[in-house]
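2 protein chains.
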Amino acid sequence: MSQTQMLKGIIDGCLLAIIQGKECYGYEMAERLSEYGFCAVSEGTIYPLLMRMQREGLVTSVRKNSTAGPKRKYYSLTEKGNQALEDFLSRWSQLEKSVNRIIRQETKGNDGNNGTTSTI
Amino acid sequence: MSQTQMLKGIIDGCLLAIIQGKECYGYEMAERLSEYGFCAVSEGTIYPLLMRMQREGLVTSVRKNSTAGPKRKYYSLTEKGNQALEDFLSRWSQLEKSVNRIIRQETKGNDGNNGTTSTI
DNA sequence: TGTATATACCTTGTAAAACAAGATATTAAG
DNA sequence: CTTAATATCTTGTTTTACAAGGTATATACA
Chain L
-16 MSQTQMLKGI
-6 IDGCLLAIIQ
4 GKECYGYEMA
14 ERLSEYGFCA
24 VSEGTIYPLL
34 MRMQREGLVT
44 SVRKNSTAGP
54 KRKYYSLTEK
64 GNQALEDFLS
74 RWSQLEKSVN
84 RIIRQETKGN
94 DGNNGTTSTI
Chain Y
-16 MSQTQMLKGI
-6 IDGCLLAIIQ
4 GKECYGYEMA
14 ERLSEYGFCA
24 VSEGTIYPLL
34 MRMQREGLVT
44 SVRKNSTAGP
54 KRKYYSLTEK
64 GNQALEDFLS
74 RWSQLEKSVN
84 RIIRQETKGN
94 DGNNGTTSTI
């Protein structure tokens, strides 16, 4: 039960969310994920993921010059990507509810999660 | 982005929670997960997982007769399993917060829930 | 008796995902 | 000239969930 296993199928949804918020490039997404509390998602994870999502038509990319360093590859959501994001949001919501239901009903004297049942 | 991918590293934590709630056997756990909203977690997933957790010393098992069918293998949590459950609860809580923070701040069409950027 | 059904466990092989550990460039600062 | 920060990509490995089977027990019913 490593921490990375719990990210499977979730990181790509988070990337879609970040891209929807604002056109963005891979290196920056890694930093953003880190800020959001994910512990250092590897670039070896992010870049293949972005390429796969582009291959699937969820995102498009444009290369732009950077003021400090090599060119950046900015990603944007396609219509299909927007749909995929919505699918992710609904699946995440369902998963969250199911897991929290189990935790609430099955565990006794639990810590780590005090009554704040997250909305969404 | 399949639905099963999002379960990676989460099902085992949920099983630990179910077992903590009450001594339980594999076939019943599958039914419980289904009731909790997980869509039909395969027995090909659950049994190998339980055996792995026993190998790792997180659970112990006892065979007992059933009133209708073959013998059941009841699992209980060890001290180590209790610790593993607590680890899972804290990791899940952290993941939940991170993902919801991203969703709240990055996606549009979000409900008016104001995102206070709490640390950790 | 035979057979269908629900119960209960287990195995094998496969695909997807995340990551470590690199390789490769570009730009600025010392 | 060297170092560091920025930026992208590749290869090989490990973990995980699952499909698709197999085996066995007990009950109900014809």
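As they're listed, the protein sequences go chains L and Y. Residue numbering for the first sequence follows this note's numbering, beginning at -16 and increasing consecutively. Residue numbering for the second sequence follows this note's numbering, beginning at -16 and increasing consecutively. Idealized CB from N, CA, C, for every residue including glycine.
- Separation of the CB atoms of residue 72 of chain L and residue 3 of chain L is rounded to 10 Å, and the pair is thereby denied contact status at 8 Å.
- Contact fails between the stretch 18 to 25 of chain Y and the stretch 35 to 44 of chain Y, because fewer than three Cβ pairs, one in each stretch, are under 8 Å apart.
- With a 10 Å radius around the Cβ and a threshold of 16 neighbouring Cβ atoms, residue 74 of chain Y comes out buried.
- The CB of residue 0 of chain L comes closer than 8 Å to the CB of 85, 86, 89, 90 in chain Y, given here in chain order.
- Residue 43 of chain Y sits in a strand when the DSSP states are folded into three classes.
- In summary, residue 52 of chain Y is exposed, with fewer than 16 beta-carbon neighbours lying within 10 Å of its beta-carbon over all protein chains present.
- With respect to residue 41 of chain L, residue 5 of chain L sits apart: the two C-beta atoms are not nearer than 8 Å.
- Taking CB atoms only, residue 74 of chain Y has a neighbour in chain L less than 8 Å away.
- Closer than 8 Å to the CB of residue 25 of chain Y there is not a single CB belonging to chain L.
- Its Cα nearest to that of residue 54 of chain Y, the residue Y:10 stands out among Y:76, Y:10, Y:61.
- Taking 8 Å as the threshold, the shortest C-beta distance from residue 42 of chain Y to chain L does not fall below it.
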